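Enquirer: One line per chain: the protein sequences are U and Y, in this order.
Oh and the first sequence: position 39 is 40 in this note's numbering, straight run, nothing missing.
Oh and the second sequence: position 25 is 26 in this note's numbering, straight run, nothing missing.
Every residue gets a Cβ at the ideal spot worked out from N, C-alpha and C, and that includes glycine.
Since this is a predicted model, take the numbers as computed values, not measurements.
Number of protein chains: 2
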Amino acid sequence: MNSEDRVISEECNGVLTPIGDALYVIGGKWKLRVIASLKDGSMRFNEIQRTVGGISARVLSSELKELELNGFVKRIVHAKTAPVVVEYELTPYSDSLTEVLHALASWGTMHRDKLRKER
Amino acid sequence: MNSEDRVISEECNGVLTPIGDALYVIGGKWKLRVIASLKDGSMRFNEIQRTVGGISARVLSSELKELELNGFVKRIVHAKTAPVVVEYELTPYSDSLTEVLHALASWGTMHRDKLRKER
DNA sequence: CGGTATCCGTTTGGATACTG
DNA sequence: CAGTATCCAAACGGATACCG
């Protein structure tokens with residue numbers, strides 16, 4: 002990349018890189034939905050699966066690992082119980098996503114209304 | 002789904018469905034980036050490809066078709082030119098995504114800063 | 001330039017069974 | 001319950017060639 006290309010891609014549209022960064026971490030079909038579902042409080046594995054709906058255990062498991070790795074979710078094992086109870090809860094850092102979640106949810110609502118009226 | 006389940010999934014967390022709706026339409030790796038890149042004004046195919054970066058012609062072509070179908074983008078053919086010139090521009094409806102794009106971009110910026118400081 | 005067609009490896013993700 | 005293992009189908013997506 003030469004200096005003129007940099008001018009084009011960074012000066013003219015500095016929003017592309019941040020959006021790319023964001024999608025890299027919270028993009029995909031499930032991550033935001035898992036986070037949103039935990040907004041109401043901590044939940045157990047099968048509970049999340051039921052709440053999110055349509056996600057398989059295998060996929061949910063890997064999503065939760067990534068979310069933990071990126072600091073959005075904390076995995077809590079209540080030891081000394083049999084069978085073991087595991088809970089997932091949001092970290093304070095996940096609060097930083099409030100605006101994103103709100104914007105997305107309200108856009109989704111608006112869009113669905115629009116489609117309904119068009120039909 | 003019985004009525005009690007409905008209470009759980011709709012009343013306790015009515016945000017999941019809208020988020021699902023939104024991701025269905027503007028989710029994926031590229032759609033928001035293509036829209037963001039067109040914010041600065043209409044562009045031609047290869048221009049978009051260069052600006053977005055990392056997207057192949059085949060994929061960009063199919064993304065643009067979906068975006069057109071969903072009313073975010075308008076395809077404009079300047080006829081009577083040889084070779085034909087095609088431009089893509091955002092529709093007024095794509096303005097409804099301003100908040101989403103802004104929230105995502107500013108979160109991305111914040112997150113990148115956070116990672117940089119942690120290293 | 002603005003794409004489309006084809007090929008093909010990679011990734012995603014569902015279903016099912018299984019384990020501690 | 002909280003996952004993991006395996007298998008397998010479908011989707012994604014890059015590379016390349018090609019067309020008007």
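Leaving aside the five residues before and after V87/U along the sequence, list all residues of the same chain whose C-beta is less than 8 Å from its C-beta, in chain order.
Expert: On the first sequence, residue 87/U is found 86 positions in, with the first residue counted as 1. R45, F46, R76, I77, V78, H79, listed in sequence order.
Enquirer: Among the residues of its own chain, which have a CB less than 7 Å from the CB of M2/Y, if the five just before and after it don't count?
Expert: As a working note, residue 2/Y is residue 1 in the second sequence. Unreliable positioning characterises M2/Y in this predicted model, as indicated by a pLDDT of 42, which lies under 50. The coordinate reading is nonetheless provided below. If we look at M2/Y and ignore the five residues flanking it on each side, it has no Cβ neighbours.
Enquirer: Quick test of the definition: if touching needs 3 or more C-beta pairs under 8 Å, does the stretch 45-64 of chain Y touch the stretch 26-33 of chain Y?
Expert: With the cut-off at 8 Å, the stretch 45-64 of chain Y and the stretch 26-33 of chain Y touch.
Enquirer: Look up R51/U in the DSSP assignment and say whether it is helix, strand or coil.
Expert: Indexing the first sequence from 1 puts residue 51/U at position 50. If DSSP states are grouped into helix, strand and coil, R51/U belongs with the helices.
Enquirer: Starting from the N-terminal side, write out each stretch of the alpha helix (DSSP H) that is 4 residues or longer and does not extend beyond the stretch 25-102 of chain U.
Expert: DSSP runs (the alpha helix (DSSP H)) wholly in the stretch 25-102 of chain U: 32-39, 46-53, 58-70.
Enquirer: By a C-beta neighbour count over all protein chains shown, 10 Å radius and 16 as the cutoff for buried, is L116/U buried or exposed?
Expert: By 1-based counting over the first sequence, the position of residue 116/U is 115. L116/U comes out exposed.
Enquirer: For the putative contact between I197/Y and Y89/Y, defined by C-beta atoms under 8 Å, what is the C-beta separation to the nearest angstrom?
Expert: Residue 197/Y is absent from the structure shown; chain Y starts at 2 and stops at 120.
Enquirer: Output the distance between the C-alpha atoms of V85/Y and E64/U, rounded to the nearest integer angstrom.
Expert: Here residue 85/Y is taken as the residue at index 84 of the second sequence, counted from 1. Here residue 64/U is taken as the residue at index 63 of the first sequence, counted from 1. So the two alpha carbons sit approximately 45 Å from each other.
Enquirer: Taking just the CA atoms, how far does A83/Y sit from A106/Y?
Expert: To locate residue 106/Y, count along the second sequence from 1; it is residue 105. To locate residue 83/Y, count along the second sequence from 1; it is residue 82. Distance between the alpha carbons of A106/Y and A83/Y is about 38 Å.
Enquirer: A37/U and L24/Y look like a contact to me (Cβ under 8 Å); what is the Cβ gap, rounded to whole Å?
Expert: For the purposes of this step, residue 37/U is taken as residue 36 along the first sequence, with counting starting at 1. For the purposes of this step, residue 24/Y is taken as residue 23 along the second sequence, with counting starting at 1. 11 Å between Cβ atoms; not a contact.
Enquirer: Rounded to a whole number of angstroms, what is the C-alpha to C-alpha distance between L91/U and L98/U?
Expert: Here residue 91/U is taken as the residue at index 90 of the first sequence, counted from 1. Here residue 98/U is taken as the residue at index 97 of the first sequence, counted from 1. In a straight line, the C-alpha of L91/U is about 11 Å away from that of L98/U.
Enquirer: Tell me whether R117/U sits in a helix, a strand or coil according to DSSP, three-state version.
Expert: Walking along the first sequence from the start, residue 117/U turns up at place 116. Helix at R117/U.
Enquirer: Can you pull the chain Y neighbours of R34/U, defined as C-beta to C-beta under 7 Å?
Expert: Locating residue 34/U in the first sequence gives position 33, counting from the first residue. Neighbours of R34/U on chain Y, chain order: L17, I20, G21.
Enquirer: Return the CA-CA distance between D114/U and R120/U, expressed in angstroms with no decimal places.
Expert: Working through the first sequence from its first residue, we reach residue 114/U at position 113. Working through the first sequence from its first residue, we reach residue 120/U at position 119. Going by the C-alpha atoms only, they are around 10 Å apart.
Enquirer: Would a check of beta-carbon distances place T110/Y closer than 8 Å to chain U?
Expert: If you number the second sequence from 1, residue 110/Y lands on position 109. So, interface residue.
Enquirer: If you check the beta carbons only, do L70/Y and V35/Y fall under 8 Å apart?
Expert: As a working mapping, residue 70/Y is identified with position 69 in the second sequence. As a working mapping, residue 35/Y is identified with position 34 in the second sequence. Result no, Cβ atoms of L70/Y and V35/Y do not sit closer than 8 Å.
Enquirer: Does G109/U come out as helix, strand or coil in the three-state DSSP assignment?
Expert: Looking up residue 109/U in the first sequence gives position 108. In the structure shown, G109/U sits in a helix (DSSP, three-state: H, G or I).
Enquirer: Taking just the CA atoms, how far does K118/U sit from D22/U?
Expert: Indexing the first sequence from 1 puts residue 22/U at position 21. Indexing the first sequence from 1 puts residue 118/U at position 117. Taking the straight line joining both Cα atoms gives about 35 Å.
Enquirer: Spell out whether any CB of chain U is found under 8 Å from the CB atom of R45/Y.
Expert: Residue mapping note: residue 45/Y aligns to position 44 of the second sequence, counting from 1. No, because no Cβ of chain U sits closer than 8 Å to the Cβ of R45/Y.
Enquirer: Taking the C-alpha atoms as reference points, what is the distance between P19/U and L102/Y?
Expert: For the purposes of this step, residue 19/U is taken as the residue at position 18 of the first sequence. For the purposes of this step, residue 102/Y is taken as the residue at position 101 of the second sequence. Cα to Cα, the separation comes out at about 10 Å.
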